[in-house]
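Using my numbering, the first residue of the sequence shown is number 2, and each one after it goes up by one. This report concerns only the one structure given below.
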Amino acid sequence: MTTRPGTRDEVLAEISTMLSRVLDQYGLEDVEITADTTFHEDLGLESIDLVTVGSMLTERYGHTVNLAAFLADLDLDEIIGLRVSLLVDFVLSQLSSTVTAER
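Next comes the structure, spelled out in structure tokens:
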């Protein structure tokens with residue numbers, strides 16, 4: 002299901018909720034997630050967790066938001082240092098390009 006692009010804050014809130022759901026599986030509750038939060042260092046997420054997040058993104062935003070394709074364009078250091086803000090920017094850009102293409 003594609004959706005209209007939300008505001009940066011809306012997308013950040015949705016991604017934070019998704020990440021909280023993943024962290025809940027590890028018994029980690031009440032972790033503050035901000036735009037500057039890193040997936041690896043701050044949250045301790047592994048590659049399998051990124052697969053889960055990718056599935057959640059696809060479920061929420063449709064196949065336009067393809068996390069695997071996004072990560073494939075990054076080098077290893079960029080993936081290890083991935084911040085939530087970069088993912089938010091990616092989602093917004095993909096949703097904006099979908100809306101533009103539909104016009």
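Positions of the beta carbon are idealized from the N, C-alpha and C atoms, including for glycine.
Outcome for residue i when other beta-carbon atoms lying within 10 angstroms are tallied against a minimum of 16
{"i": "Leu51", "result": "buried"}
{"i": "Ile81", "result": "exposed"}
{"i": "Leu75", "result": "exposed"}
{"i": "Ile16", "result": "buried"}
Sequence-distant residues of its chain with Cβ nearer than 7 angstroms to residue i (five each side left out)
{"i": "Met2", "result": "For Met2, the pLDDT reaches just 46, beneath the cut-off of 50, and the residue's location in the model is therefore unreliable, although a value from the coordinates is still provided. Gly63."}
{"i": "Gly55", "result": "Leu68, Ala69"}
Residue i, DSSP secondary structure in three states
{"i": "Thr39", "result": "strand"}
{"i": "Gln26", "result": "coil"}
{"i": "Leu75", "result": "coil"}
{"i": "Val52", "result": "helix"}
Close-in-space but distant-in-sequence residues of the same chain around residue i (CB under 6 angstroms, 5 per side omitted)
{"i": "Arg58", "result": "Arg is not the amino acid found at residue 58; the sequence shown has Leu there. Cβ neighbours of Leu58 beyond the five flanking positions: Val66, Leu68."}
{"i": "Leu29", "result": "none"}
{"i": "Gly45", "result": "none"}
{"i": "His41", "result": "Ile81"}
Counterpart residues of residue i in DSSP-defined beta bridges
{"i": "Arg9", "result": "Answer is none; Arg9 lacks a bridge partner."}
{"i": "Arg84", "result": "Thr39"}
Other residues of its chain near residue i: CB distance less than 8 angstroms, five sequence neighbours each side excluded
{"i": "Leu77", "result": "none"}
{"i": "Thr53", "result": "Val23"}
{"i": "Arg131", "result": "Nothing about residue 131 can be reported from this structure: the residues present for the chain run from 2 to 104 only."}
Could you tell me whether the segment 8–28 touches the segment 86–99, where touching means 3 or more Cβ pairs closer than 8 angstroms?
-> Because the criterion of three Cβ pairs below 8 angstroms is met, the segment 8–28 and the segment 86–99 touch.
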